[in-house]
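Protein sequence lines correspond, in order, to chains A and B. Okay, so the first sequence: first residue is 37 according to my numbering, each after it adds one. Okay, so the second sequence: first residue is 159 according to my numbering, each after it adds one. Accompanying notes for the structure given below.
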Amino acid sequence: MIKVEGLTKVFPGQTIPAVKDLNLEIKEGDVCVLVGPSGCGKTTTMKMINRLYEPTGGKVYIRGEDHMKIDPIKLRLDIGYVIQEIGLFPHMTIYENIATVPNEKKWPREKTKEKVEELMHLVGLDPEIFQNRYPTALSGGQRQRVGVARAMVSDPPIMLMDEPFGAVDPITRARLQNEFLRIQERMSKTIVFVTHDIDEAIKMSDTIAVMNEGELIQHDTPSDLLSAPADEFVANLVGRHRSIKRLHLIRVHEILKEVDRTEPLTEDAKKEEVEKQLEDSDLRTVIVVDRDNKLKGVIGASDLKRKAGEVAGDYCHEVSDTVTDDATLNDALSVMLECGVGYVAVVNEDEMYQGTITLGDLLNVVREDS
Amino acid sequence: MDQLLRMIVDLLMTLGNGTLLSTQNEARGDLRETIDWIIRRSDRILDLMVEHLWLVLFTLVIAIVVSVIVGIFISYYETLAQPVLGVCQVLMVIPSIAMLAFMVTIFGIGFTSGVVALVLYSLLPIVRNTYTGIRELDPAILESAKGMGMTERRILFKIKLPLARPVIMAGVRTAAVMMIGIAALAAYVGAGGLGELIFQGIGRGHRPMIIAGAIGVSIIAVAFDYILYYGEKRFSVEGRTREGN
Ligand SMILES: Nc1ncnc2c1ncn2[C@@H]1O[C@H](COP(=O)(O)OP(=O)(O)O)[C@@H](O)[C@H]1O
Ligand SMILES: [Mg+2]
Numbered sequence: 037m038i039k040v041e042g043l044t045k046v047f048p049g050q051t052i053p054a055v056k057d058l059n060l061e062i063k064e065g066d067v068c069v070l071v072g073p074s075g076c077g078k079t080t081t082m083k084m085i086n087r088l089y090e091p092t093g094g095k096v097y098i099r100g101e102d103h104m105k106i107d108p109i110k111l112r113l114d115i116g117y118v119i120q121e122i123g124l125f126p127h128m129t130i131y132e133n134i135a136t137v138p139n140e141k142k143w144p145r146e147k148t149k150e151k152v153e154e155l156m157h158l159v160g161l162d163p164e165i166f167q168n169r170y171p172t173a174l175s176g177g178q179r180q181r182v183g184v185a186r187a188m189v190s191d192p193p194i195m196l197m198d199e200p201f202g203a204v205d206p207i208t209r210a211r212l213q214n215e216f217l218r219i220q221e222r223m224s225k226t227i228v229f230v231t232h233d234i235d236e237a238i239k240m241s242d243t244i245a246v247m248n249e250g251e252l253i254q255h256d257t258p259s260d261l262l263s264a265p266a267d268e269f270v271a272n273l274v275g276r277h278r279s280i281k282r283l284h285l286i287r288v289h290e291i292l293k294e295v296d297r298t299e300p301l302t303e304d305a306k307k308e309e310v311e312k313q314l315e316d317s318d319l320r321t322v323i324v325v326d327r328d329n330k331l332k333g334v335i336g337a338s339d340l341k342r343k344a345g346e347v348a349g350d351y352c353h354e355v356s357d358t359v360t361d362d363a364t365l366n367d368a369l370s371v372m373l374e375c376g377v378g379y380v381a382v383v384n385e386d387e388m389y390q391g392t393i394t395l396g397d398l399l400n401v402v403r404e405d406s
Numbered sequence: 159m160d161q162l163l164r165m166i167v168d169l170l171m172t173l174g175n176g177t178l179l180s181t182q183n184e185a186r187g188d189l190r191e192t193i194d195w196i197i198r199r200s201d202r203i204l205d206l207m208v209e210h211l212w213l214v215l216f217t218l219v220i221a222i223v224v225s226v227i228v229g230i231f232i233s234y235y236e237t238l239a240q241p242v243l244g245v246c247q248v249l250m251v252i253p254s255i256a257m258l259a260f261m262v263t264i265f266g267i268g269f270t271s272g273v274v275a276l277v278l279y280s281l282l283p284i285v286r287n288t289y290t291g292i293r294e295l296d297p298a299i300l301e302s303a304k305g306m307g308m309t310e311r312r313i314l315f316k317i318k319l320p321l322a323r324p325v326i327m328a329g330v331r332t333a334a335v336m337m338i339g340i341a342a343l344a345a346y347v348g349a350g351g352l353g354e355l356i357f358q359g360i361g362r363g364h365r366p367m368i369i370a371g372a373i374g375v376s377i378i379a380v381a382f383d384y385i386l387y388y389g390e391k392r393f394s395v396e397g398r399t400r401e402g403n
């Protein structure tokens, strides 16, 4: 979707290039995060993509087309752009701000209204309340949302986001990040996302491009970046707690396939079966599901002693918490720590039992890494 | 300008004497005489005020159009900015009488000379405010506008000018008030207005005439400033923001 070849920028009056011989390819629907210390050329790279800066050398191809051959106005109208300072127009209402690109594209009024309202809902701002307000009457987080809505309103296939969540507090930032991921899952845009925060990069990205002093050091998936940093610089950037960071990265369903655990028992299984499985299982617990494969509960050794009954259903007790299969391993770890047990049952959105992962499984993941 | 100031001081002293130190018979007589004269000649005074106002309004419109265009122009061609502003500065410090006299040598006696001189005088405040108003806009706002694909023309009319307007209007106010004072001198080259009263009064040594002219000029100046100030406030961004909440 976006291909950058030998991209170089030397600002007038400077000898050291701000961006030097950058090569990068971003696939359609991917989020590529540019990460690196302040002043390493991330913003400059981004501005060369939408031609706010003219490259000194090298090429940018948008869908295979040399972007210097595209009219810059047309190019920019089709690339959503969010800058760190947001840059909302203070003399225009939120509605007018978001309608900027539709107005430039001369959309009919009805279509604009429909899209603006849709986008306001998407970023969690009620149009009834917010559309006639001016930017000064909004909190930092709300302004960021308006900035994102404004960039996305005409449904551009490509988005450039320069530290879009840089100016808000950590809690709001985490919320905006999650919303962003939720929206991106639905929209699958091709996104170049700039941040100087490696944790944000790991969380948001399909691929991470690490830059330093104008040069691209490594372009990899977050997982490869964590397990095989190209050099000292990248290793330092990702830091010492790489293993823990990896847990942020992997979703439960990804490791569920690999862990091969005995099938759960149905609630009408005999007591003997329960006893047998209790002995064999590494969990020292038996998972019980009902006939529809919904999680019913678990049976521990103490349950067998204390309770009486014929079938598994009579012995089991409810679990205090589960994780869904799209949760991260980090989420799974928190649940285990909170419940004080070494395993957690995984269910899908409809509460269907999917499997169980243990602390040992998490350790294996972390161990693979080091 | 100096003459005008002296007249206004004179006027205040006269009024002060008349009300506070009423024992001074001469001063009291002065005040009475002035009021009588104003009442008797109110038609003529009103006519001259309208003429004065017309001269100022006409000139102001021309000055705004010319100055804003020049201001926008030098905001795009940065290297021209300082030379252009320098020329405007020089124009403003030329003594009014000299400037008017010079205009007469080109345009002859009459309205045109007055208008051209006044426009040249009022260039600096509006040009400078248009220029700085645009230059001092938040670069992030302009960058996001450009980055989203707005054309330079649209950015100028939709973003730059609306946002710079309060600063430009402040320049217009300065220009207008200055112009009203100098317009009194334009009577000297036959451009009409309240200056006629003042010059005739000086010529004949007729105090009430001078005072009436000075009062008229002051009233127009204060009214103009007031109208421009509140007019601008009414339509400003902050005003609208408050309504929006
Ligand atoms: N408009 C400009 N003119 C001159 N130098 C610039 C300009 N923009 C950025 N630079 C320089 O280029 C380098 C990279 O800047 P930038 O791309 O903004 O870094 P980052 O976004 O990674 O923090 C810096 O050294 C900066 O000083
Ligand atoms: Mg930057």
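Heads up, the beta-carbon is just placed ideally off N, CA and C, and yes, glycines get one too. The model shown is predicted, which means the values in this text are computed figures rather than measured ones.
Original post:
Can a CB atom of chain A be found closer than 8 Å to the CB of Ser200(B)?
Top reply: As a first step, residue 200(B) must be located in the second sequence, where it is residue number 42. Closer than 8 Å: no.
**OP:** Taking C-beta pairs closer than 8 Å, name the residues in chain B that Tyr117(A) reaches, listed in chain order.
**Re:** In the first sequence, counting from the first residue as 1, residue 117(A) sits at position 81. Simply Ser302, Gly305 and Met306.
Original post:
How would you call Gly396(A), buried or exposed, if buried means at least 16 neighbouring beta carbons within 10 angstroms?
Top reply: In the first sequence, residue 396(A) corresponds to position 360, counting from 1. Per the 10 Å Cβ criterion, exposed.
**OP:** Can you tell me which of the three DSSP states Asp57(A) falls into?
**Re:** One-based indexing of the first sequence puts residue 57(A) at position 21. Strand, per DSSP.
**OP:** Entirely within the stretch 302–386 of chain B and at least 4 residues each: give me those alpha helix (DSSP H) ranges in chain order.
**Re:** 319–343 and 353–362
Original post:
Looking at Val96(A) and Glu113(A), is the spacing between their C-beta atoms short of 8 Å?
Top reply: In the first sequence, the residue the question calls residue 113(A) occupies position 77. In the first sequence, the residue the question calls residue 96(A) occupies position 60. Note that residue 113(A) corresponds to Leu in the displayed sequence, not to Glu. The answer is no: Cβ separation not under 8 Å.
Original post:
Of all Cβ atoms in chain B, is any one closer than 8 Å to the Cβ of Arg327(A)?
Top reply: For the purposes of this step, residue 327(A) is taken as the residue at position 291 of the first sequence. Not closer than 8 Å to any Cβ of chain B, the Cβ of Arg327(A) fails to qualify, so no.
Original post:
Measuring from the CB of Thr51(A), is there a heavy atom of ligand 2 at a distance below 7 Å?
Top reply: Residue mapping note: residue 51(A) aligns to position 15 of the first sequence, counting from 1. It does not: the Cβ of Thr51(A) is nowhere closer than 7 Å to a heavy atom of ligand 2.
Original post:
How long is the line joining the alpha carbons of Pro320(B) and Arg365(B), rounded to whole angstroms?
Top reply: Here the question's residue 320(B) lines up with position 162 in the second sequence. Here the question's residue 365(B) lines up with position 207 in the second sequence. In a straight line, the C-alpha of Pro320(B) is about 47 Å away from that of Arg365(B).
**OP:** Return the residues of the stretch 317–334 of chain B that lie within a Cβ-Cβ distance of less than 8 Å from chain A, sorted by chain order.
**Re:** Ile317, Pro320 and Leu321
**OP:** Report whether the distance from the Cβ of Lys56(A) to the nearest heavy atom of ligand 2 is below 7 Å.
**Re:** For the purposes of this step, residue 56(A) is taken as the residue at position 20 of the first sequence. Incorrect: Lys56(A) has no Cβ contact closer than 7 Å to ligand 2.
Original post:
chain B partners of Phe269(A), CB-CB under 8 Å?
Top reply: What you label residue 269(A) is simply residue 233 of the first sequence in a count that begins at 1. Correct list: empty, because the minimum Cβ distance to chain B is about 30 Å.
Subject >> For Thr148(A), the three-state DSSP class (helix, strand or coil) >> reply: Locating residue 148(A) in the first sequence gives position 112, where the first residue counts as 1. DSSP places Thr148(A) in helix when its eight states are reduced to three.
**OP:** Starting from Gln178(A), follow the alpha helix (DSSP H) in both directions and report where the run begins and ends.
**Re:** On the first sequence, residue 178(A) is found 142 positions in, with the first residue counted as 1. It spans Gly176 to Met188 - the alpha helix (DSSP H) in which Gln178(A) sits, taken as one unbroken run.
Original post:
If you measure from the beta carbon of Gly123(A) to each beta carbon in chain B, is any gap under 8 Å?
Top reply: The residue given as residue 123(A) occupies position 87 in the first sequence. Judged by the 8 Å Cβ criterion, Gly123(A) is in contact with chain B.
Original post:
Thr81(A): beta carbon under 7 Å from a heavy atom of ligand 2?
Top reply: Translated into positions along the first sequence, residue 81(A) becomes position 45. No, ligand 2 has no heavy atom inside 7 Å of this Cβ.
Original post:
Taking only beta-carbon atoms, is Arg293(B) less than 8 Å away from chain A?
Top reply: Here residue 293(B) refers to the residue found at position 135 of the second sequence. No - not a single Cβ of chain A is within 8 Å of the one on Arg293(B).
**OP:** Could you tell me whether the stretch 358–368 of chain A touches the stretch 376–390 of chain A, using the rule of 3 or more Cβ pairs below 8 Å?
**Re:** yes
**OP:** Indicate the three-state DSSP secondary structure (helix, strand or coil) for Gly378(A) in the structure shown.
**Re:** Within the first sequence, residue 378(A) is the residue found at index 342, counting from 1. Correct three-state label for Gly378(A): coil.
Original post:
Are the stretch 336–355 of chain B and the stretch 268–275 of chain B touching, with three or more C-beta to C-beta distances below 8 Å?
Top reply: yes
Original post:
Does at least one heavy atom of ligand 2 sit under 7 Å from the Cβ of Asp198(A)?
Top reply: Residue mapping note: residue 198(A) aligns to position 162 of the first sequence, counting from 1. Asp198(A) Cβ: within cutoff of ligand 2.
Original post:
If you measure from the CB of Gly93(A), is any heavy atom of ligand 1 nearer than 7 Å?
Top reply: In the first sequence, counting from the first residue as 1, residue 93(A) sits at position 57. Not under cutoff, so the answer is no.
Original post:
Roughly how far, in whole angstroms, is the beta-carbon of Met197(A) from the beta-carbon of Val246(A), given that I think they are within contact range, below 8 Å?
Top reply: Locating residue 197(A) in the first sequence gives position 161, where the first residue counts as 1. Locating residue 246(A) in the first sequence gives position 210, where the first residue counts as 1. About 17 Å; that fails the 8 Å criterion.
Original post:
How big is the Cα-Cα spacing for Thr243(A) and Leu262(A)?
Top reply: Counted from its first residue, the first sequence places residue 243(A) at position 207. Counted from its first residue, the first sequence places residue 262(A) at position 226. When rounded, the distance between both Cα atoms is 12 Å.
Original post:
Do you know offhand how far Asp191(A)'s Cα is from Phe216(A)'s?
Top reply: In the first sequence, counting from the first residue as 1, residue 191(A) sits at position 155. In the first sequence, counting from the first residue as 1, residue 216(A) sits at position 180. Roughly 15 Å separates the two Cα atoms.
Subject >> Three or more C-beta pairs below 8 Å linking the stretch 51–58 of chain A and the stretch 75–87 of chain A >> reply: yes
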